[in-house]
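First residue of the sequence shown: 37, per my numbering; consecutive thereafter.
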Amino acid sequence: MTSLSDLLESAVNNGTAPGIVVIAKDKDGKVDYAKAFSSQGGALYSLDTAMVVSSMTKLPTSVAALQLVDKGLVALDEDLSRLLPSLAEKGVLTSVAEDGTLTVRRRQNPITLRSLIAHTSGAGYPFLDKRLGKIRATQKHEPRNGTVDEMFDLPLLFEPGEGWAYGTGLDWAGVVIEKLSGLSLDEYMKRNIWGPLAVAGGSTFFPDQDPSVSDRRVPMAFRDDPEGPAVEKPGVPTVADRLKACFGGHGLIASMRDVFEVAYSLLLDDERLLSRETAALMFQPQLTPASRQALAEFMETPDMKLLFPSPPIDRDYGLGGLLITGDEHEYWRKGALMWGGAANLNWFIDRSAGVCGVFGSQVMPPGDAKMRTLINAFHADVYRRAAKLA
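Below, the structure written as structure tokens:
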């Protein structure tokens, strides 16, 4: 059987990816695998390479938001209208005309921190919902250059708590963190996430202002032909490069070592980041039957089947990621929490199996079939190692 290291080494040498970083560990330290792979002639990857992690940002932002709950600054089910007035005034979308004219109805249910983290607030992504995309196309301002309020000046897709839509909830949660802490989300994470984990200085929302991060970045690579190589394109700006504010849902530049330390702290339940009581909430199902059905439909879309190509299994959503609620998967255990990022990044925390890991790359497009094969192999290898050493 080809080893994981040989598989990933071959992948960077045959053009599947210019570079890959993987880190995995079990709670007892018996599984301890950390390695970076770089192609010849390409950018040099290391465990500390700074990557555009996109939606991987949602994990530390979820933890940061839950820290506010631990500190008694906000309750999970508190109405956030006082903190998010611009979001609170949004109605629930009922229709959109061809010219972008929209019809909305008054929102009835409160928007809460729980709903923002679990994607049940109704705040969706315009690139995933055609109606929101139509509205975005008619907006006169350039939303990418603005704040969270400006970038996501969009109606809700449904009554908060009554549906599920992957979207901007964690970007809004970042605003809550900033208002309650009096700090930018960037500074808050430096003090309350990266500091306690002893990885301060490795991650930022503003790489141009932090040479220690910008000097460790690698170019994004693009696979224009599904059967061809992923080619680095230095100088091509990413979504993160265009942001002018802290976006807790997708704006972080971070190393895989940094993200792994968040995951490992949650695996160990060591209380460096969250109390055990609050951390446990991350691994508990958060959805109503209607919301769970909406999640199931989303996971069966072509794009998501590329990202999570397992047979249909019982899934819910926790406070921070996709939650496995069934026992029928080949290796994921009930209670495993996971998600990823657009450039084919992935993280998982499985407390039942006692393992966690991160997979990092900078390859577009999302859900690239070649990269997904490698991510699956990484997961399988980690669980296989853990089972042998149990």
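In this text, a Cβ means the ideal position worked out from N, Cα and C, and glycines have one as well.
Where the alpha helix (DSSP H) through phenylalanine 334 begins and ends:
325-335 is the span of the alpha helix (DSSP H), which, as asked, contains phenylalanine 334.
Cβ contact check for the stretch 158-174 and the stretch 128-139: 3 or more pairs under 8 Å:
With the cut-off at 8 Å, the stretch 158-174 and the stretch 128-139 touch.
Would you report the Cα separation of arginine 369 and alanine 111, rounded to the nearest angstrom?
Note on geometry: alpha-carbon atoms of arginine 369 and alanine 111 lie some 30 Å from one another.
Measure the C-alpha to C-alpha separation of serine 291 and threonine 85 and round it to an integer number of angstroms.
Their Cα atoms are separated by approximately 5 Å.
Coarse secondary structure for glutamate 313, derived from DSSP in three states
Secondary structure at glutamate 313: helix, using DSSP grouped into helix, strand and coil.
Do you know offhand how far aspartate 467's Cα is from threonine 52's?
In the structure as shown, the chain starts at 37 and stops at 426, and residue 467 therefore has no counterpart that could be examined.
Cα-Cα separation between phenylalanine 334 and alanine 201, rounded to whole angstroms
Cα to Cα, the separation comes out at about 8 Å.
Boundaries (first-last residue) of the alpha helix (DSSP H) holding aspartate 246:
For aspartate 246, no alpha helix (DSSP H) run applies, since DSSP gives it neither H nor E.
Sort out for me which residues DSSP pairs lysine 61 with in a bridge.
Beta bridge pairing from DSSP links lysine 61 with Asp68 and Cys392.
When the Cα atoms are used, what is the spatial distance from leucine 138 to leucine 192?
Using only the alpha carbons, I get a separation of about 12 Å.
How about serine 388 and glycine 371: do their beta carbons lie closer than 8 Å?
Closer than 8 Å, so yes.
Take the Cβ of alanine 281 as the centre, count every other Cβ of all protein chains shown within 10 Å, and call the residue buried at 16 or more, exposed below.
Buried, because 16 or more other Cβ atoms sit within 10 Å of the Cβ of alanine 281.
Please confirm whether leucine 104 and leucine 216 have their CB atoms less than 8 Å apart.
In this structure, leucine 104 sits near leucine 216, with a CB-CB distance shorter than 8 Å.
Where does glycine 108 sit, in a helix, a strand or coil, going by DSSP?
Look at glycine 108 here: in three-state DSSP terms it is coil, with no helix or strand label.
Opening and closing residue of the alpha helix (DSSP H) in which valine 418 lies:
Per DSSP, valine 418 belongs to the alpha helix (DSSP H) from 405-425.
Need the endpoints of the alpha helix (DSSP H) that threonine 174 sits in, please.
166-174 is the span of the alpha helix (DSSP H), which, as asked, contains threonine 174.
Return yes when the Cβ of arginine 293 is within less than 8 Å of the Cβ of glycine 238, no when it is not.
The criterion of a C-beta distance shorter than 8 Å is satisfied by glycine 238 and arginine 293.
Since arginine 141 is in the beta strand (DSSP E), which residue starts that stretch and which ends it?
Where arginine 141 is concerned, the enclosing beta strand (DSSP E) stretches over 138-141.
Less than 8 Å between the beta carbons of alanine 72 and valine 57, yes or no?
Yes, the pair counts as a contact, with Cβ atoms nearer than the cut-off.
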